[in-house]
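Residue numbers (the numbering used here), protein chains in the order written: chain B, 746 to 1267; chain L, 34 to 455; chain D, 4 to 60.
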């Protein structure tokens, strides 16, 4: 143990300030005890109690500063004392603290506000949203778990006040070229979109962009808007707005099945629309209205193609270059063993998982999922995949206490490896969603797991075919080309849409005898 | 007028009274002469009512100190036995128009500051501030300090004060707030200004040098001296705001090291208590967080009327206690604005743009914003027998305000009128 | 059909963001005027207190 001290005559410092300096010096590793004091009689007593004494200290008085250090060895003592001047003058770090904690605080700070964006817990949404509506704001409510009766009351109030409620559980909107929530940077144009599905709107807008056209507005309605309890209030208001919007020439709806009464009203309204309309209702078994003006599209891709076509050919900026050619399905199947009959999909985008199921089921396949089109195909939260299985990694079970897979890929990585080493699996299908508020590198988040999975797989016979769709544009904050290249370098086959990726999977699988559940499956 | 309007109006009245205070030092007298009920074997203490057995270590130490100081027992063993047998009556300071720092113990022969509120005519009392006995130390040295106060400094100051009649305290307070004092942990400027005035008074009163000099030295060397006066001013200012029907304004905040208690204007003398919080702070050499006692003292009366931590924005010297940045200090001052009713017209903070201090803590706003009053305070040891060990920041427990709001609702909510029978 | 004069789609957005700071930052990067509110539940989330406060405050 070593002790050392310094006396600085006639250097007055405030006692509280000195306590702070003392605390900083005491944090140095190897320091046992420090004292930073003015040499009053009482303080000199304190010093001798901790074993610090000397003629200089005894001679000092209350106008003199004493700094004493007790440490494990003399080198530490010297170094602490040598740093004393800096400790006495160190600037204090600035931490920004927000003084705004309520909606009222926000409105006082920004009286001209016209939109409130809510990511607060669902149970608190109603009173805050109501206040915002009464203050004349429109709403983007990202929060989920809002009781459906509250959603209805809010939307009725909004309708009375001619305000728009995008949400609850709304992940994406693009209003006036501004992306709200998870949204891609897409060209501004004349195609408008409405829908309860965030990733559905994301993929639609990206596909329109890749076709060389652009988006006027993409209005998220919240996942429950088309239920009969809510009655499509926001969807119908959004339709009114896009119909009245001079910039919008074509309107597309990207949805999942609506409540029957709401569907009927929606169809009626669409039929009466003054602009060309495209409707894509994923997973719907109800036939589209034949012969009417609505163009029914089976997939998001079909919806984008229809919208582009309806917009008519005028000057079109260059469309995005198509991706490099793929190996033939025969070539790929040749690398599989006979037992590799199954496909596994792990999705960040719930709607994309849904669409993939639709495409496979239409071809007669049985597909299991935690978010199935048919309840009979439900895969429980703790169940292991069997046959063809497509998992929505963004559902409540997987996101409990975690960030959404669009931001945090850790759970997906675990599952990627698990599926990869299953000898019955031939195809692993993944989606990657770029855009604002998503992870800086969605591919990077799981790539090592993909590589690890393939490496583990290569120890046994048969190669694993990994297929991916990327939803994004070259203008997104992430580097689209780099994300594609990363995947390709890992041997992943890359597509720009979920439908195309899934169709390719279908081609690969259709060489099998009735894939899915069977003696060989699972 | 509906209920909300009644409450608003009542709060405005209570706050008006808080802002109208005109405190004047009129005497320095032995407690038994001026404090009602403080005669016989009585010791008053800080915080809400608490029995001897439940008192924290430091407060027990301070009480033992007073028993010895009064000569009621020969030694600490006898003192403890006396207290265990319940032979000493223990009373909260607040019930006797008094306040005291840390353990806050006042006994019959202990001289106290006597401050009068010129506007309302009421009085309040506070003992002197020192660094040992009130923190639970009861050694002879610690008690010697009390004896010097009783036998020399206090009577001398009394004589000097008598000579000048009285001393207006607002001029000192207003000036000190603009010189970096916050009047709870930072009292250097106010103590200095007070010492200046009293030095002149001592000379004018012709007090002989053998008493005047040591008294002057006491004043000159004590940079927390004014805290005792500030606390008395706080109490004398807050008391007239009690008992305003429908008012949700806080009239007292205090702690005894075991519990934290508040009183509310529209709820009479009821106490709303919760366990005393820990203090986040800095420690003197040789001490650490594990040694610390919980929040203690009547000194939160300063925050109750808008000084102390409520004026952190104006007290740069306290910055290290609050994490060290001017931005955070201003942040705290802005936060306290949100839970108070009014802005003081004459107590101002230069670093806060010379705006007035925040006055009139509203229990409804505290609960609504989940924002409790912030307090900066000294720290005592958990156990008896130690002097001051540190200083830091703490918050009044939200539970006190929740309990008070519940009681407020029970008392003032409009109840349904029963249906008239056909 | 409901053609409204004050159409949300027409004018520049001025946003109050209650909750996740990242969403506000994303808007700032897009050149949108936004104020960040570090939102906390009223009455600390205590429903009994909130009900009481609805009548008193």
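From the three backbone atoms N, C-alpha and C, an ideal C-beta is built for every residue, glycine too.
Cα-Cα separation between residue i and residue j, rounded to whole angstroms
i, j, result
"residue 837 of chain B", "residue 392 of chain L", "Confidence in residue 837 of chain B is poor, its pLDDT being 44 and thus under 50, which makes the residue's placement unreliable; the coordinate value appears in the next sentence. Cα to Cα, residue 837 of chain B sits roughly 30 Å from residue 392 of chain L."
"residue 821 of chain B", "residue 813 of chain B", "12 Å"
"residue 824 of chain B", "residue 755 of chain B", "23 Å"
"residue 286 of chain L", "residue 48 of chain L", "16 Å"
"residue 3 of chain L", "residue 24 of chain D", "Nothing in the structure corresponds to residue 3 of chain L, since chain L is present only between 34 and 455."
"residue 780 of chain B", "residue 1227 of chain B", "56 Å"
"residue 808 of chain B", "residue 263 of chain L", "27 Å"
"residue 870 of chain B", "residue 863 of chain B", "8 Å"
"residue 850 of chain B", "residue 16 of chain D", "18 Å"
"residue 1117 of chain B", "residue 971 of chain B", "19 Å"
"residue 187 of chain L", "residue 63 of chain L", "9 Å"
"residue 288 of chain L", "residue 962 of chain B", "60 Å"
Residue i in three-state terms, based on DSSP
i, result
"residue 411 of chain L", "strand"
"residue 382 of chain L", "strand"
"residue 1020 of chain B", "coil"
"residue 916 of chain B", "coil"
"residue 60 of chain L", "strand"
"residue 1184 of chain B", "coil"
"residue 750 of chain B", "strand"
"residue 85 of chain L", "helix"
"residue 419 of chain L", "coil"
"residue 186 of chain L", "helix"
"residue 1138 of chain B", "coil"
"residue 296 of chain L", "strand"
"residue 94 of chain L", "helix"
"residue 58 of chain D", "helix"
"residue 101 of chain L", "helix"
"residue 109 of chain L", "helix"
"residue 211 of chain L", "coil"
"residue 821 of chain B", "helix"
"residue 1253 of chain B", "helix"
"residue 1107 of chain B", "helix"
Beta-carbon gap between residue i and residue j smaller than 8 Å
i, j, result
"residue 964 of chain B", "residue 939 of chain B", "yes"
"residue 39 of chain D", "residue 20 of chain D", "yes"
"residue 134 of chain L", "residue 332 of chain L", "yes"
"residue 889 of chain B", "residue 865 of chain B", "no"
"residue 226 of chain L", "residue 207 of chain L", "no"
"residue 827 of chain B", "residue 752 of chain B", "no"
"residue 378 of chain L", "residue 52 of chain L", "yes"
"residue 766 of chain B", "residue 816 of chain B", "no"
"residue 1239 of chain B", "residue 1068 of chain B", "yes"
"residue 326 of chain L", "residue 415 of chain L", "yes"
Range of the contiguous beta strand (DSSP E) that encloses residue i
i, result
"residue 990 of chain B", "It is not in any beta strand (DSSP E) - residue 990 of chain B carries neither H nor E in the DSSP assignment."
"residue 320 of chain L", "Here residue 320 of chain L belongs to no beta strand (DSSP E), and DSSP marks it neither H nor E."
"residue 934 of chain B", "933-940"
"residue 365 of chain L", "From DSSP, residue 365 of chain L is part of no beta strand (DSSP E) but of the alpha helix (DSSP H) over 359-371."
"residue 267 of chain L", "Unbroken run through residue 267 of chain L is the alpha helix (DSSP H), 258-271; no beta strand (DSSP E)."
Closest by C-alpha distance to residue i, when choosing among the options
i, options, result
"residue 353 of chain L", "L:405, L:236, L:218", "L:218"
"residue 328 of chain L", "L:422, L:367, L:131", "L:422"
"residue 364 of chain L", "B:845, B:766, B:770", "B:845"
"residue 1152 of chain B", "D:26, D:16, D:55, D:42", "D:26"
"residue 818 of chain B", "B:746, B:1000, B:1186, B:883", "B:746"
"residue 899 of chain B", "B:969, B:794, B:1189", "B:969"
"residue 44 of chain L", "L:358, L:91, L:277", "L:277"
"residue 1132 of chain B", "B:1140, B:1094, B:1084, B:1099", "B:1084"
"residue 48 of chain D", "B:1129, B:872, B:1118", "B:872"
"residue 172 of chain L", "L:360, L:109, L:71", "L:109"
Span of the alpha helix (DSSP H), counted from its first residue to its last, around residue i
i, result
"residue 40 of chain L", "36-52"
"residue 788 of chain B", "786-794"
"residue 334 of chain L", "334-337"
"residue 800 of chain B", "800-804"
"residue 865 of chain B", "Here residue 865 of chain B belongs to no alpha helix (DSSP H), and DSSP marks it neither H nor E."
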